[in-house]
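Structure, as C-alpha cells:
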Ligand code: ATP
C-alpha cells in the first residue's frame, strides 16, 4: 500500500500500546523519510517532565497503587500540555508533525483536528491495526510491559473507536496491519 505524507500538518497515530507506533516511526527516521524532530511522542514528553515513560501500579497495595496512578496522571497532563505547545508551534511554522500516542479517546483526537483546522494545515490519521494476541505477545518481551489487563482494555476501546475515526474529518485515513508492506511517498522538503 502507498501512504502519502503531507508536506505540513499533523499525522495522528492511532493504536493501542504495542501496536508498533514508536517502532514504525523509528524505522521512518532510519530510512531518512522523517526527521527526528518531525516526531512528537507522549512517552518522550513524560520522560522530559517526569523522568519516566510509564508507571506500573498493578499488583501494588491499594494506597500505593492510588498514589502511583495519581502521579502518572499528573505526569501525563503536564506531558500533553508541553507536547501540544510544540505541535501548535510546528503547525504555525507550517511543519509536519507525527504524533506518537495512542489517541484512543475521541477528545484526544478532536484536540488535534481543531489545532490543524485553526492553523490551516491538514490532519491525517494513521491507524495501526494489530490483533490482540500480537499486542499481548509483544508485551511479554518489551521493556516496561504495560500488563495484560491494560492491553486488553485498550484493545476493546480501539475496536470500538476505529469505526468512528472515519467520520472525524481527516484529510486521509490509512490503516496499517503488521503484514502490510508500505511505500511511503513524500515530496521534497521545501527547506
Ligand atoms: P506504546 O503506546 O506503549 O508506546 P507502541 O505502539 O509505540 O507502544 P512500540 O513501542 O513500537 O509500540 O513497540 C512495543 C513493543 O512491541 C516493543 O518491544 C517492540 O519491539 C514490539 N514491536 C513493535 N512493532 C513490532 C512489529 N512490527 N513486530 C514485532 N514486534 C514489534
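Residue numbers (our numbering): -16 to 174.
Backbone N, C-alpha and C fix where the C-beta goes; we use that ideal spot for every residue, glycine too.
- The beta-carbon distance between residue 168 and residue 58, rounded to whole angstroms, is 36 Å. This is too long to meet the 8 Å contact definition.
- For residue 73, the closest C-alpha among the options 147, 123, 98 is that of 98.
- According to DSSP, residue pairing for residue 24 in a beta bridge involves 83.
- In this structure, DSSP gives residue 157 an extended state, which the three-state scheme calls strand.
- As for any alpha helix (DSSP H) of minimum length 4 sitting wholly inside the region 59 to 111, the runs are 89 to 101, ordered along the chain.
- Between ligand 1 and residue 102, a heavy atom-to-CB distance of less than 7 Å is absent.
- Comparing alpha carbon positions, the residue from 40, 101, 64, 104 closest to residue 28 is 64.
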